[in-house]
Structure formats: C-alpha cells, structure tokens
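Engineer: Chains as they are written, first to last, in numbering that gives the first Met the number 0: chain A, 0 to 132; chain B, 0 to 108; chain C, 0 to 329. We treat Cβ as the ideally placed atom computed from N, Cα and C, and that holds for glycine. The model shown is predicted, which means the values in this text are computed figures rather than measured ones. Dropping the structure in here first, questions after.
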Amino acid sequence: MQVQTHVDINSEWGIVAARQAGRKLAREIGFGSVDQARITTAISELARNIYLYANKGQIYIEEVSNANKRGVKITAIDQGPGIKDVRKVMEDGFTTSGGLGAGLPGVRRLMDDFTIDSEVNNGTTISAIKWLR
Amino acid sequence: MNLQVDVREEEQEKHVLLNGEVDVYTASLLKEKLIPLAEKPNAAIIVNLSNVNYIDSTGVGIFIGALKASDKSNSSLKLIGANARVKRLFEITGLDEVMDIDSDQREEV
Amino acid sequence: MYQLYKEMLTNYLRNKSEHTLYSAQQFSKEMMVKDLSPEEMVSLHISVFKEIVEDLPEEVIDSFDLLLEVMIGYGLAHREHLSLRDRQRQLESELNVAARMQQSLLPSKELKVDEVDFGVTSVPAGKMSGDYYHYIVDEQGHIGVAVADVIGKGIPAAMCMSMIKYAMDSIPEQRLQPAALLENLNRVVERNIDSDMFITMVYGSYDPKSHRFYFASAGHEPGFFYEAATNTFHDLKTKGIVLGVSPKVQYHESSLKLEPGDFVVLLSDGVTETRVNGEFIERKDVSQLIGKYKHLPAQLMAEQVFRELERMQDFQLKDDFTLLILRRNV
Chain A
0 MQVQTHVDIN SEWGIVAARQ AGRKLAREIG FGSVDQARIT TAISELARNI YLYANKGQIY
60 IEEVSNANKR GVKITAIDQG PGIKDVRKVM EDGFTTSGGL GAGLPGVRRL MDDFTIDSEV
120 NNGTTISAIK WLR
Chain B
0 MNLQVDVREE EQEKHVLLNG EVDVYTASLL KEKLIPLAEK PNAAIIVNLS NVNYIDSTGV
60 GIFIGALKAS DKSNSSLKLI GANARVKRLF EITGLDEVMD IDSDQREEV
Chain C
0 MYQLYKEMLT NYLRNKSEHT LYSAQQFSKE MMVKDLSPEE MVSLHISVFK EIVEDLPEEV
60 IDSFDLLLEV MIGYGLAHRE HLSLRDRQRQ LESELNVAAR MQQSLLPSKE LKVDEVDFGV
120 TSVPAGKMSG DYYHYIVDEQ GHIGVAVADV IGKGIPAAMC MSMIKYAMDS IPEQRLQPAA
180 LLENLNRVVE RNIDSDMFIT MVYGSYDPKS HRFYFASAGH EPGFFYEAAT NTFHDLKTKG
240 IVLGVSPKVQ YHESSLKLEP GDFVVLLSDG VTETRVNGEF IERKDVSQLI GKYKHLPAQL
300 MAEQVFRELE RMQDFQLKDD FTLLILRRNV
C-alpha cells in the first residue's frame, strides 16, 4: 500500500509535523539514519521556503517505487509569488533570504531527483525523490 | 574610505553636502542620491565639496552622469568648495569648461 | 575504511596515543578526497563505536542523532564550497583567456625606427586593464602614439578599452592628426558609453623630418617633455574635455620641437596617483624618477620607473599603469 501524507504549512509547527511525517516514512521504507536526516533536512528547507516566501502551502510526502527500487517523494506546493529567475535560485551562493540556508541547491544535493516548476504570481511546485539504495 | 552624503532640499534648491572620499567604493552611494535629484525638473543642485579630500575617476563619472541628467531635466548643477587636488582633477579632465565649479565659495557647513 | 576506523578507535580507546590522533588526521584528508560527507563520518563513528563498546548508554547513542542533524548543514556548506571553488576556477580560466585577448589588442610589433628611441610599459592592477596604448608608423615615416585610460578598472574598463581600439581602426585617415582623431573618437565614445563612464586619452604624432611632436589631449593626465639642453622636465600641458561627455567637441592641438636627446613621456594616472604610505606622490617625484633613468634606452627606462614605483607601493598596484616614452635620437 502506498502511503501519502499531507501537511499544511502555515507555521513553524507545520514544518516540524512535516519533518516527523517524512522521518517516519523514511524509517519504514528502510532508510538509514544519515539518509533519514537528509530527507528531513530537505523537508525542512522546502517547508521553510513556503513559510518564508509564500506564507502558506502544502507538503506531500509519499512512497514511490519503480521497477527495482523504492523511495520517498516530497512535493512542496504553494500559491505564493513564484520565482522569477529559477536558474538564479538554483545557483550556489545565492540565497534570497541572505542567511545561511541550504536553499534549493542544498535540497537538490540532499535528494536524488529534483524538479521545480514556478510561475510568477502563480506559485511554485517542487518535488524531490530520495531512492533507497 | 567612507563617504557621507547629506541632502537638504529647499524648494528647487538641493544642497548636497559630501564628507569623505568619492572613489570606486563610495561612488554608487553618491550616484543613488545625486542622480534622482538631477532628474527632477528645474532643480538647482549645489554640491558642497568642502569636506572632500579626494575624488577618483569613478567619482568624476558620477558628476558627469549628474550633469547629463540635469541637462535633460532643465536643472543646474554646481560644485562648490573643491580643494586644490579635486579642482585640478576637474581642470585636467576639462570638465571645468562644461560644469559650474566655484572652489572659492565655501558654504557654512 | 570501516575496518581502518575501527582499528584507530580501538587503539585510541586503549592507549590514547598522539600517534593514533595523527593517523586520524591523515584519515580525514583521505576521506575528503573520497568525498565522504561530515554526516557520513558521524554515522561511521556511531556504527564503529556501537560495535566496539558494548552496552553504550542510550543517551550516548541518542546524542548522535542531534550531531548528525547538525552535520547535515555542515555537509551542505562543504559541498557548496566545493562547487563554488570549481566555478571560481572556471571564471579564472575565462578571465585568463579574456586577458590574452585583450593583450592581442595592443600593438604586437616593436617600434623600430632609426630616428627615435621608443619604449612602453603597461601593467594592469588586476588581470585586465582599463589602460590602452597604441603606436604606429605610417608610409611617410610619421609616428603616432597614444595612451588612453578608461574610468575604473577591471573587466568593465577592459570591455570599454576594446571599443577604443576598434574605433581607432575604423577611422584610419586622421591617424596622425591628433585633434581630428580625438574629435572622431569622441563621437563614437559618446554614442556607445554609459552616462557615467568616460575615457581620457592623449594622442601624439611625431614627424621625424621636422622633428616636431604634435599632440592633443582629451582630459588626460598631462605627460612630460624632457629638454636635454637644460636638463628639465616640463608638463605637456594642453586642455580638452574627456571623451564621452558631449557629442560635439573640438580639441586643441599643440606642438613642440624635439632636439636630439629630448623626449616626451605619456602616462596614465595610475602612474601619478601612486600612493605611498597613504600619501599621493607628486608629479615632480615622477619626473625625478624618470630623470634618474634617462641614461637608459627608452624601453628600459620605462621598465625601471615601473619597477621602482611598484616597490614604493609594496608591489600592490591600485590602478592600471602605463608609461610610454619617445626620444629623438642624436
């Protein structure tokens, strides 16, 4: 059975709840402690982005599988202002918040697959998958 | 090197008082403050250089930009209180011919 | 790797020797080469630790969860650093290519004419230069020389500098008429430059038959004229506005006669705006310095003056430096 959880992000509590859900699923699928921490860090960053730039949105966490492997898929959806220059935010050394954050390049590094879809004034959808090796 | 830019507006007269050095590091600060003033129509901009000990070529560029902007907006630009070194720079670059530079006039600071 | 770390940790817990710590330090280098992230290192430590120490208190094991979480951030920062380092290398190599291209804009053939002794040295403060120099000999044997200085320095100045070169190439007929040449260049520059950019330039031409040197300046730092008979330096004074301020400008042309041993010096303000211990040097310091080496051939003279000024500034050039010397031979 495929499990899908969704958490509304509109406060720091939402971020923690999303992390919890992600860790639980990752553990069930069989990820080791390092990968569990990576997946939750990626969830935190995506959820924080929603919280900081779009105010609210959702994080979906689900199990995915293909022919020979299983994984965790995180999908972050918001209806916020969108990202004007996606290439720019995917660059290392560029964080709009100006703070030290992993940012989107960090999320991409923590996970295996990464896709981003954003339209100005129409929100952003980011999904990332970590495969179990 | 630091630069302080103080702007005092009295109707059409815009008094700009500079303190420090206008160089490649501080030029953008001057540009931010000076160019919008020069773009206002019929303004009389008076830049007081009494407390400026050094201007480099990037700094001169900002004054050229301001001059061009003020010409377009029918405003005037005047530099006062330049010291010998600064004055020499405007002479060498030939800008004293197209810019109103009065180095004797020292405004009350 | 697991085995190696296990041995080290076992040894260390037994004897606490400095030798084992040294091995650990060497181990860390190897792990970085193998691209092992900090979080993986922490994880390795826990697994080994659990294996060699039985009945670890639960608190100790749990405490590593926290450390692992923290290390993820460090790991990301480390990776970002590596990727930025690669990018910096790439930019560096692009910059090197650009600097070589810029070098190719300068005259490549030495100026060798019996009537004059010529030398030039030009050194950028960074990789690329906002200074430009030029020399040419036409069919009649007239010699044209120029030094230009683009406002600012580095890449933007360098890009602007190439415009001067192409503009000069496109108006060859006035090459040896300094004032007319500057007027034409000014039109090109004024049309193509940002409102707060400008270029200063001095252009001179020397007629070896009449021994006259004609010159005009667009707001450029004045050069020097050295008179051998009286052993004195004079300023090459002439006035004119910088290139790029107004579309229609007329430039004034001056001339002087060179006697045998007389020479003219064209320079950029990187020479005169040398700061020594925070104080600017005076123009007369520069002319004295040139005078000190006037017994040398022009090329060596220019190089020696540069070397000495470079040393005076502790080898840290603040601005691009160009010095050009043309001497009438005896």
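Is there a Cβ from chain F that is less than 7 Å from the Cβ of residue 222 of chain C?
Structural biologist: Protein chains A, B and C are contained in the structure displayed, whereas chain F is not.
Engineer: So what's residue 17 of chain B in DSSP terms, helix, strand or just coil?
Structural biologist: It is a strand residue.
Engineer: Measure the alpha-carbon distance for residue 122 of chain C versus residue 317 of chain C and round it to whole angstroms.
Structural biologist: 11 Å
Engineer: Taking Cβ-Cβ distances shorter than 7 Å, what residues in chain A pair up with residue 78 of chain C?
Structural biologist: 108
Engineer: Using a 10 Å radius around the Cβ and a threshold of 16 neighbouring Cβ atoms, would you call residue 277 of chain C buried or exposed?
Structural biologist: Burial call: exposed.
Engineer: Taking the DSSP output, what are the residues bridged to residue 134 of chain C?
Structural biologist: C/144
Engineer: Taking the C-alpha atoms as reference points, what is the distance between residue 191 of chain C and residue 301 of chain C?
Structural biologist: Taking the straight line from one Cα to the other gives about 33 Å.
Engineer: Run the CB neighbour count on residue 95 of chain A, radius 10 Å, all protein chains shown included, and call it buried at 16 or more, exposed below.
Structural biologist: Residue placement at residue 95 of chain A is flagged as unreliable, the pLDDT there being 45, under the threshold of 50; a coordinate-derived value is accordingly withheld.
Engineer: If you measure between the beta carbons of residue 265 of chain C and residue 218 of chain C, is that distance less than 7 Å?
Structural biologist: no
Engineer: To the nearest angstrom, how far is it from the Cα of residue 41 of chain B to the Cα of residue 308 of chain C?
Structural biologist: 48 Å
Engineer: Near residue 85 of chain B, which residues of its chain fall below 7 Å by C-beta distance, leaving aside the five closest residues on each side in sequence?
Structural biologist: Counting only residues of its own chain and dropping the five nearest sequence neighbours on each side, residue 85 of chain B has a CB closer than 7 Å to the CB of 48, 51, 54.
Engineer: Report the residues of the region 30-54 of chain B with a CB closer than 9 Å to any CB of chain C, ordered along the chain.
Structural biologist: Listed by position, the residues of the region 30-54 of chain B near chain C (Cβ gap below 9 Å) are 30, 34, 53.
Engineer: Indicate whether the contact test is met: 3 or more Cβ pairs, each with one atom in the region 68-83 of chain B and one in the region 197-205 of chain C, closer than 8 Å.
Structural biologist: no
Engineer: Nearest CA to the CA of residue 89 of chain B: which residue from C/220, C/149, C/157, C/132?
Structural biologist: C/220
Engineer: Please state the DSSP three-state secondary structure of residue 80 of chain C.
Structural biologist: Here residue 80 of chain C carries a helix assignment [DSSP, helix/strand/coil].
Engineer: CB-CB under 6 Å to residue 189 of chain C, same chain, minus the five flanking residues each way: which ones, in chain order?
Structural biologist: 243, 246
Engineer: DSSP three-state call for residue 15 of chain C: helix, strand or coil?
Structural biologist: coil
Engineer: Counting only Cβ-Cβ distances shorter than 7 Å, please list the residues of the region 82-94 of chain B near chain C, keeping chain order.
Structural biologist: 91, 92, 93, 94
Engineer: So, is residue 231 of chain C buried or exposed, given that buried needs 16 or more other C-beta atoms within 10 angstroms?
Structural biologist: Exposed, by the Cβ-count rule.
Engineer: In the DSSP assignment, what are the bridge partners of residue 264 of chain C?
Structural biologist: C/223, C/324
Engineer: If you follow the beta strand (DSSP E) that residue 54 of chain A is part of, which residue opens it and which one closes it?
Structural biologist: That residue, residue 54 of chain A, is in no beta strand (DSSP E); it is neither H nor E in DSSP.
Engineer: Pick helix, strand or coil for residue 284 of chain C, following the three-state DSSP scheme.
Structural biologist: Assigned with DSSP and collapsed to three states, residue 284 of chain C falls in helix.
Engineer: By the 10 Å Cβ neighbour count, where 16 or more other Cβ atoms means buried, how is residue 108 of chain B classified, buried or exposed?
Structural biologist: Residue confidence for residue 108 of chain B is low, a pLDDT of 43 falling below 50, so the modelled location carries little weight and cannot support an answer.
Engineer: Between the Cα of residue 12 of chain A and the Cα atoms of A/38, A/47, A/22, A/69, which residue gives the shortest distance?
Structural biologist: A/47
Engineer: Would you give the residue range spanned by the beta strand (DSSP E) that residue 158 of chain A belongs to?
Structural biologist: In the structure displayed, chain A extends from 0 to 132; residue 158 of chain A sits before or after that span and is not available.
Engineer: Any C-beta of chain B sitting closer than 7 Å to the C-beta of residue 195 of chain C?
Structural biologist: yes
Engineer: Taking 7 Å as the threshold (C-beta atoms), are residue 66 of chain C and residue 105 of chain A in contact?
Structural biologist: Residue 66 of chain C is positioned such that its CB atom lies no closer than 7 Å to that of residue 105 of chain A.
Engineer: Flag residue 112 of chain A as yes if its beta-carbon sits less than 7 Å from any beta-carbon of chain C, otherwise no.
Structural biologist: No, residue 112 of chain A lies away from the interface with chain C (no Cβ there is under 7 Å from its Cβ).
Engineer: State the DSSP-derived secondary structure class of residue 85 of chain A, mapped to helix, strand or coil.
Structural biologist: Of the three classes helix, strand and coil, the one that applies to residue 85 of chain A here is helix, per DSSP.
Engineer: Looking only at DSSP bridge pairs, what is residue 19 of chain A linked to?
Structural biologist: Paired residues: none, contrary to the question.
Engineer: Note down, in chain order, each residue of its chain lying with its Cβ closer than 7 Å to the Cβ of residue 22 of chain C, except the 5 sequence neighbours on either side.
Structural biologist: Excluding sequence neighbours, residue 22 of chain C sits near 7.
Engineer: With a 10 Å radius around its C-beta and 16 neighbouring C-beta atoms as the bar for buried, classify residue 123 of chain A as buried or exposed.
Structural biologist: buried
Engineer: Kindly indicate which residue of B/74, B/13, B/59 has the alpha-carbon position closest to the one of residue 149 of chain C.
Structural biologist: B/59
Engineer: Would you call the region 59-79 of chain A in contact with the region 30-46 of chain A, where contact means no fewer than 3 C-beta pairs closer than 8 Å?
Structural biologist: yes
Engineer: Determine, using beta carbons only, whether residue 25 of chain B comes closer than 7 Å to chain C.
Structural biologist: Judged by the 7 Å Cβ criterion, residue 25 of chain B is not in contact with chain C.
Engineer: When the cut-off is 7 Å and only beta carbons count, does residue 198 of chain C lie next to chain B?
Structural biologist: No, its Cβ sits nowhere closer than 7 Å to a Cβ of chain B.
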